[in-house]
Ligand SMILES: Nc1ncnc2c1ncn2[C@@H]1O[C@H](COP(=O)(O)OP(=O)(O)OP(=O)(O)O)[C@@H](O)[C@H]1O
Ligand SMILES: [Mg+2]
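In the numbering used here, the protein residues as written are 2 to 575.
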């Protein structure tokens with residue numbers, strides 16, 4: 002059996018597809034459906050997970066970890082009782098605890114899982130999630146995006162609907178906005194946009210800071226370095242926030258917060274809902290950017306939407322749904338359980354992989370890569386400089402493979418460094434550096450004469466593989482699956498991209514003008530109409546290769562070949 006796991010910043014859940022083909026959430030060893038994502042290391046350095054760990058937060062905050070999901074992809078070490086732990090290791094304890102709970106409940110071995118991640122998780126964060134699964138003794142069958150999982154849950158219940166849906170997922174640590182189309186059991190993600198550093202924890206932090214400030218004014222004591230006090234105030238802040246979702250005011254009362262000259266000093270404060278709303282307003286309204294981007298990438302306006310799904314505990318804040326109805330001119334509906342929709346969707350995906358969904362409940366999922374993936378190239382000009390050149394554009398349907406041809410930048414150059422970046426900018430510094438490898442053994446020739454083909458493949462888990470090969474000597478190949486260990490490093494680069502627009506001035510340009518114009522016209526017309534996405538991507542690739550061939554003045558036979566490639570793709574469109 003494959004289980005589905007929602008590994009959340011604040012809470013985690015596990016579910017499976019039962020004999021009726023319906024997702025069912027499995028209770029943990031305490032009998033609860035929702036497990037706090039908190040890990041405590043006891044005196045024997047054994048992990049304690051969930052509510053029992055939450056109870057240790059006040060007593061032993063130094064040996065208790067929360068929100069480790071926020072540290073995924075970072076090279077940070079956590080220490081407890083002299084032992085060091087990676088965030089991945091801590092996350093693996095949560096996964097193992099959930100799997101153990103499922104083993105008890107299902108009375109069978111649980112070693113295969115689908116795990117959800119925020120759509121906007123980077124390549125490194127996805128790999129870390131897979132690693133955490135492996136450390137927990139699980140084979141990670143698939144990583145799927147959380148808002149997509151929520152949509153699967155909705156989709157299974159509404160198989161016959163045809164609907165444009167926006168999923169607004171605001172949890173403990175991340176925001177994801179995803180636009181998708183539901184069409185006779187096909188869940189087709191159109192676009193995804195998000196912020197990996199925004200969630201309920203930020204609201205707790207804002208409240209906590211305001212408490213500290215008030216305490217300092219009143220008692221003239223600065224408690225911001227007292228880890229036990231911070232831990233107590235943080236819990237009080239979260240409780241206050243949750244309470245304000247249901248009432249207009251909340252009283253925080255901590256009579257024994259600290260001591261002064263061995264006398265207890267307490268903290269008492271009434272927080273009004275409207276004061277809390279003022280504190281978080283900027284953070285919430287900032288999400289309009291992600292909503293606009295997701296909609297425009299999906300070629301939709303708010304009026305095209307049929308349903309808005311609210312997912313994640315933080316969407317319980319009344320200000321969030323008010324903001325959404327103002328922004329979208331639309332009353333968002335809670336058609337799914339905001340806490341459990343994601344894990345239920347993970348179980349459905351597990352069922353799809355296993356083939357256990359009932360006939361008639363066939364559901365097909367097509368997801369996208371939510372950000373652009375690029376390689377670094379030297380852009381020629383008066384001031385040559387290294388920039389990012391996109392191979393996989395954001396919101397390309399996955400899996401996707403795109404290749405491009407580049408040329409050498411120096412005379413007699415026999416090696417190139419092939420890098421990979423994630424992000425929308427042409428500026429290296431503004432994107433996330435993923436990894437780089439060196440391709441050597443390129444035949445020695447003048448600058449611009451040797452071609453290097455770079456291939457980016459993005460798989461269903463959202464993981465990237467980069468390959469490069471010398472075109473004239475196909476024995477020379479190299480590839481990497483992006484290695485997180487190298488991330489962050491920068492090196493010199495030496496490949497260039499010729500400016501494709503210069504094909505016009507190539508000696509043989511006139512002979513190919515017609516076919517190039519025709520292809521360009523088709524690309525222009527088809528862009529945005531999603532039916533032939535893949536063919537259009539192929540056409541773009543073939544067209545670029547032809548232009549590149551012209552620029553590099555290839556022989557007639559080769560040019561004719563490249564032209565035929567373009568015509569072949571065009572015929573697929575007719
Ligand atoms: N009634 C409520 N009002 C306001 N916030 C709430 C309420 N209930 C839960 N939350 C907040 O929701 C967050 C947890 O939501 P959820 O469990 O969906 O997140 P998660 O899955 O752990 O996080 P993520 O998906 O970002 O990794 C916490 O910050 C919690 O304080
Ligand atoms: Mg979540």
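We treat Cβ as the ideally placed atom computed from N, Cα and C, and that holds for glycine.
Next on the checklist: Among 353, 456, 569 and 295, whose alpha-carbon lies nearest the alpha-carbon of residue 190?
Outcome noted: Against the chain shown, residue 190 aligns to sequence position 189. Nearest option by C-alpha distance: 295.
Checklist entry - Does at least one heavy atom of ligand 2 sit under 7 Å from the Cβ of residue 9? => result Position 8 of the chain shown, counting from 1, holds the residue named residue 9. Taken from the Cβ of residue 9, at least one heavy atom of ligand 2 lies inside 7 Å.
Item to check | Range covered by the alpha helix (DSSP H) that runs through residue 432 | outcome: Locating residue 432 in the chain shown gives position 431, counting from the first residue. Element bounds for residue 432: n/a, residue is neither H nor E.
Item to check | Residues of its chain near residue 404, where Cβ-Cβ distance is below 8 Å and the 5 sequence neighbours each way are ignored | outcome: Taking the first residue of the chain shown as 1, we reach residue 404 at position 403. Only 392, 454, 455, 456, 457 and 542 meet the Cβ criterion.
Item to check | Cβ shell of residue 118 (< 7 Å), same chain only, five flanking positions each side left out | outcome: Within the chain shown, the letter at position 117 stands for residue 118. For residue 118, the CB contacts under 7 Å within the same chain, skipping 5 residues up- and downstream, are 126, 127, 130, 144, 146 and 147 in chain order.
Next on the checklist: Measuring alpha carbon to alpha carbon, tell me which residue in 559, 370 and 511 is nearest residue 195.
Outcome noted: Locating residue 195 in the chain shown gives position 194, where the first residue counts as 1. Ranked by Cα distance from residue 195, the first of 559, 370 and 511 is 370.
Next on the checklist: Going residue by residue through the region 533-566, where are the continuous alpha helix (DSSP H) segments of at least 4 residues, counting only ones entirely within it?
Outcome noted: Runs found: 534-552.
Checklist entry - Would you call the CB atoms of residue 349 and residue 153 closer than 8 Å? => result Residue numbering aside, residue 349 sits at position 348 when the chain shown is read from its first letter. Residue numbering aside, residue 153 sits at position 152 when the chain shown is read from its first letter. For the pair residue 349 and residue 153, the CB atoms are nearer than the 8 Å cut-off.
Item to check | Sub-8 Å separation of residue 3 and residue 299 beta-carbons | outcome: Here the question's residue 3 lines up with position 2 in the chain shown. Here the question's residue 299 lines up with position 298 in the chain shown. Against a cut-off of 8 Å, the Cβ pair of residue 299 and residue 3 comes out as no contact.
Next on the checklist: In the DSSP assignment, the beta strand (DSSP E) including residue 81 goes from what residue to what residue?
Outcome noted: Taking the chain shown and counting its residues from 1, the one referred to as residue 81 is at position 80. Start and end: 79-81.
Checklist entry - On the three-pair Cβ rule with 8 Å, is the region 337-346 touching the region 8-16? => result Segments in contact, yes.
Checklist entry - Just checking my contact of residue 36 with residue 29 at CB under 8 Å: how many whole Å lie between their CB atoms? => result In the chain shown, residue 36 corresponds to position 35, counting from 1. In the chain shown, residue 29 corresponds to position 28, counting from 1. Under the criterion of beta carbons closer than 8 Å, residue 36 and residue 29 qualify as touching, at roughly 5 Å.
Next on the checklist: Spatial neighbours of residue 386 within its chain, please: C-beta separation below 8 Å, excluding the five flanking residues on both sides.
Outcome noted: Counted from its first residue, the chain shown places residue 386 at position 385. For residue 386, where only same-chain residues beyond five positions count, the Cβ hits under 8 Å are 379 and 380.
Item to check | Beta-carbon separation (whole angstroms), residue 78 vs residue 65, contact threshold 8 Å | outcome: Stepping through the chain shown from its first residue, residue 78 is reached at position 77. Stepping through the chain shown from its first residue, residue 65 is reached at position 64. Cβ atoms of residue 78 and residue 65 stay farther apart than 8 Å, at about 16 Å.
Checklist entry - Skipping 5 residues on each side, what residues in its chain have a beta carbon closer than 6 Å to that of residue 494? => result Counting from 1 along the chain shown, the entry for residue 494 is found at position 493. In this predicted model, residue 494 has a pLDDT of only 36, less than 50, meaning its place in the structure is not dependable enough to derive any value.
Item to check | Touch test, the region 301-312 against the region 213-229, Cβ-Cβ under 8 Å, three pairs minimum | outcome: For the pair of segments examined, the region 301-312 was found not to touch the region 213-229: the number of CB pairs separated by less than 8 Å stays below three.
Checklist entry - Helix, strand or coil: which one does DSSP assign to residue 224? => result Position 223 of the chain shown holds residue 224. Here residue 224 carries a coil assignment [DSSP, helix/strand/coil].
Checklist entry - Going by beta carbon distance, what residues of the same chain come within less than 7 Å of residue 20, once the five residues before and after it are set aside? => result The residue you call residue 20 lines up with position 19 of the chain shown. Excluding five sequence positions before and after residue 20, none of the CB atoms of its chain fall closer than 7 Å to its own CB.
Checklist entry - Are at least three pairs of beta-carbons, each pair with one atom in the region 534-553 and one in the region 515-524, less than 8 Å apart? => result Between the region 534-553 and the region 515-524 there are three or more C-beta pairs closer than 8 Å, enough to call the two in contact.
Checklist entry - Which of helix, strand or coil does DSSP assign to residue 571? => result Sequence index remark: in the chain shown, residue 571 carries index 570 (1-based). Reduced to three states, the DSSP call for residue 571 is helix.
Checklist entry - Around the C-beta of residue 10, are 16 or more other C-beta atoms found within 10 angstroms, so that it is buried, or is it exposed? => result The residue you call residue 10 lines up with position 9 of the chain shown. Looking at its Cβ environment, which holds 16 or more other Cβ atoms inside 10 Å, residue 10 is buried.
Checklist entry - Under the criterion of a Cβ to heavy atom distance below 7 Å, does residue 172 qualify as lining ligand 1? => result As a position in the chain shown, residue 172 is number 171, starting the count at 1. Yes, the beta carbon of residue 172 sits closer than 7 Å to at least one heavy atom of ligand 1.
Next on the checklist: I'd like the list of long-range same chain contacts for residue 171, defined as Cβ closer than 7 Å, with 5 residues on each side in sequence excluded.
Outcome noted: On the chain shown, residue 171 is found 170 positions in, with the first residue counted as 1. The beta carbon of residue 171 sits closer than 7 Å to the beta carbons of 200, 313, 315, 316 and 321 from its chain, once the five residues preceding and following it are set aside; these are given in chain order.
Checklist entry - Using a threshold of 7 Å, is the CB atom of residue 239 nearer than that to any non-hydrogen atom of ligand 2? => result Translated into the one-based positions of the chain shown, residue 239 becomes position 238. False, no ligand heavy atom lies under 7 Å from that Cβ.
Checklist entry - Can you give the beta carbon distance from residue 34 to residue 26, rounded, assuming they're within the 8 Å contact cut? => result The residue given as residue 34 occupies position 33 in the chain shown. The residue given as residue 26 occupies position 25 in the chain shown. Contact between residue 34 and residue 26 holds, with the beta-carbon distance rounding to 5 Å and staying under 8 Å.
Item to check | residue 514 - containing alpha helix (DSSP H), residue span | outcome: As a working note, residue 514 is residue 513 in the chain shown. Counting along the chain, residue 514 sits inside the alpha helix (DSSP H) bounded by residues 510-527.
Checklist entry - Quick one: what does DSSP say residue 232 is sitting in, helix, strand or coil? => result Taking the first residue of the chain shown as position 1, residue 232 is located at position 231. In the three-state scheme derived from DSSP, where H, G and I count as helix and E and B as strand, residue 232 is classed as helix.
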